[in-house]
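A.B. asks:
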Amino acid sequence: MSPTKDFGLDPVTVLAALANDIRWQALRMMAGGAAICATDLAANVGRDVDTVGKHLRVLLAAGVADCRAGQDARFSLYFIPARFRDVAGVVDYGFCQLQFPDVLPKGKD
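The numbering used here numbers the first residue of the sequence shown as 529 and each following residue consecutively.
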């Protein structure tokens, strides 16, 4: 068994953040290295921009995603930092690994 990475994340906070259909879909969209904005996620899940923006901020607060500010909140880009994505289709938070075998790395078709 390989040693566990310690990213300083709180497992309860992370798992609570991931335990929502909208946030899980956001994670799937970002798992290959893509950056998404609230408008992208809103279109994908059929919800309004304000609602999905709140969900993206939950992922940010839990430490599972990061953000680059946009023109306004609708266009801020959320992404999973590379330190959590050593292997294509796998998100590794240290205490758990999430596998997305159907997710291609960004730029791959």
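Here a beta-carbon is modelled for each residue, glycine too, at the ideal position from N, C-alpha and C.
For residue 582 and residue 621, what's the separation of their Cα atoms in angstroms?
C.D. replies: Near 22 Å, if we compare the C-alpha coordinates of residue 621 and residue 582.
A.B. asks: Rounded to whole angstroms, how far is the Cβ of residue 542 from the Cβ of residue 591, which I believe are closer than 8 Å?
C.D. replies: About 7 Å separates the beta carbon of residue 542 from that of residue 591, a gap short enough to meet the 8 Å contact definition.
A.B. asks: DSSP three-state call for residue 535: helix, strand or coil?
C.D. replies: Here residue 535 sits in coil by DSSP.
A.B. asks: Residues in its own chain within less than 7 Å of residue 637 by CB, not counting five upstream and five downstream?
C.D. replies: With a pLDDT of 40 at residue 637, under the threshold of 50, the modelled position of this residue cannot be trusted; read the value that follows with caution. None.
A.B. asks: Taking residue 606 and residue 550 to be in contact with their CB atoms under 8 Å, please state how far apart those CB atoms are, rounded to whole angstroms.
C.D. replies: The pair is not a contact, with the Cβ atoms about 12 Å apart (cut-off 8 Å).
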